[in-house]
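Participant: Each residue of the sequence shown is one higher than the one before, starting from 8 at the first, in my numbering. This is the structure, below, for whatever I ask next.
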Amino acid sequence: MYIANKYTCMGTILSVSSKRTFFSLPQWLRPKKIVYPDQEIGIHQTTKIYPQAVKYGDSDLHDYLLASGKIPILLNFTMRGDDYCNKISRQLYDLLNYDIQKKVNLVDVECDEPGNTDLMLTYGVNEIPTIVAVHKQLIVDKYEIQNREPVDKDHLKQWIHSIAVD
Numbered sequence: 008m009y010i011a012n013k014y015t016c017m018g019t020i021l022s023v024s025s026k027r028t029f030f031s032l033p034q035w036l037r038p039k040k041i042v043y044p045d046q047e048i049g050i051h052q053t054t055k056i057y058p059q060a061v062k063y064g065d066s067d068l069h070d071y072l073l074a075s076g077k078i079p080i081l082l083n084f085t086m087r088g089d090d091y092c093n094k095i096s097r098q099l100y101d102l103l104n105y106d107i108q109k110k111v112n113l114v115d116v117e118c119d120e121p122g123n124t125d126l127m128l129t130y131g132v133n134e135i136p137t138i139v140a141v142h143k144q145l146i147v148d149k150y151e152i153q154n155r156e157p158v159d160k161d162h163l164k165q166w167i168h169s170i171a172v173d
């Protein structure tokens with residue numbers, strides 16, 4: 008008789024398929040079972056953060072826009088190597104994972120990639136980082152940070168709530 012379970016070990020999901028034996032592992036050696044979604048850390052099923060950033064321009068972004076469907080998508084125009092952009096992106100990820108209860112998607116657009124300069128012109132991005140809200144493939148709103156000032160997390164949260172749908 009075979010048993011198939013999903014376990015987590017140091018943050019990595021493992022799929023274990025094993026034959027039942029007559030001995031058991033000590034409690035401290037047993038892997039911890041995953042219970043998804045994890046309500047303790049606050050990750051919501053309504054938010055989808057696409058792990059792969061847009062690197063190759065309009066054709067790459069088009070797939071994300073179609074997959075988003077009727078749910079608004081936030082385009083995070085950022086540069087990966089810049090500390091300020093990474094700080095803003097981290098605040099955005101934290102808000103979407105823990106504070107926003109409505110439906111909204113997020114995809115990063117790497118501005119330093121050569122294929123994405125046309126996307127910056129298409130969506131009217133003048134400052135980096137900029138977050139552009141798109142709903143049904145139309146631009147709804149833009150959140151621009153002028154002169155690299157600190158971002159008010161509450162203002163950003165209210166802006167995302169105004170864009171997201173129930």
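Glycine included, every Cβ here is placed at the ideal spot set by N, Cα and C.
#1: Identify every residue that forms a DSSP beta bridge with histidine 142.
#2: Mind pulling the beta strand (DSSP E) runs of 3 or more residues that sit fully within the stretch 57 to 94?
#3: Do you know offhand how far threonine 129's Cα is from lysine 62's?
#4: Pick helix, strand or coil for lysine 109, following the three-state DSSP scheme.
#5: Can you tell which of Ser66, Lys149 and Ile56 has its C-alpha closest to the C-alpha of glycine 122?
#6: Can we say the stretch 110 to 125 touches the stretch 84 to 94, given the rule of at least three CB pairs closer than 8 Å?
#7: Determine whether the beta carbon atoms of aspartate 174 and glycine 64 lie at a separation below 8 Å.
#8: Please report how far the alpha carbon of isoleucine 152 lies from the alpha carbon of aspartate 173, in whole angstroms.
#9: Got a sec? Which residues, its chain only, sit under 8 Å from lysine 164 by beta carbon, not counting five neighbours each side?
#10: According to the neighbour-count rule (16 or more other Cβ atoms, all chains shown, within 10 Å of its Cβ), is isoleucine 140 buried or exposed?
#11: Going by DSSP in three states, leucine 21 sits in which element: helix, strand or coil?
#12: Which term fits serine 169, buried or exposed, when burial requires 16 or more other beta carbons within 10 angstroms of its beta carbon?
#13: Is the Cβ-Cβ distance between leucine 73 and isoleucine 80 less than 8 Å?
Facilitator: Quick answer:
#1: Your numbering for residue 142 matches position 135 in the sequence shown. Histidine 142 is bridged to Leu145.
#2: 80 to 85
#3: Residue 129 sits at position 122 when you count from the first residue of the sequence shown. Residue 62 sits at position 55 when you count from the first residue of the sequence shown. Approximately 15 Å, taken between the alpha carbons.
#4: Position 102 of the sequence shown, counted from the start, is the residue given in the question as residue 109. Of the three classes helix, strand and coil, the one that applies to lysine 109 here is coil, per DSSP.
#5: As a working note, residue 122 is residue 115 in the sequence shown. Checked all of Ser66, Lys149 and Ile56; the closest Cα to glycine 122 is Ser66.
#6: With contact defined as three or more Cβ pairs closer than 8 Å, the stretch 110 to 125 and the stretch 84 to 94 are in contact.
#7: Nothing can be reported for residue 174, as the shown portion of the chain is limited to 8 through 173.
#8: Counting from one through the sequence shown, the residue named residue 152 turns up at place 145. Counting from one through the sequence shown, the residue named residue 173 turns up at place 166. Approximately 27 Å between the Cα atoms of the pair.
#9: Position 157 of the sequence shown, counting from 1, holds the residue named residue 164. Around lysine 164: Leu102, Asp106 and Ile107.
#10: Here residue 140 is taken as the residue at index 133 of the sequence shown, counted from 1. At residue 140 the sequence reads alanine, which differs from the isoleucine that was named. Buried.
#11: Reading the sequence shown from its first residue, position 14 is the one you call residue 21. For leucine 21, the pLDDT reaches just 44, beneath the cut-off of 50, and the residue's location in the model is therefore unreliable, although a value from the coordinates is still provided. Leucine 21: strand per DSSP, three-state reduction.
#12: Within the sequence shown, the letter at position 162 stands for residue 169. It is exposed - the Cβ of serine 169 has fewer than 16 other Cβ atoms within 10 Å.
#13: By 1-based counting over the sequence shown, the position of residue 73 is 66. By 1-based counting over the sequence shown, the position of residue 80 is 73. No.
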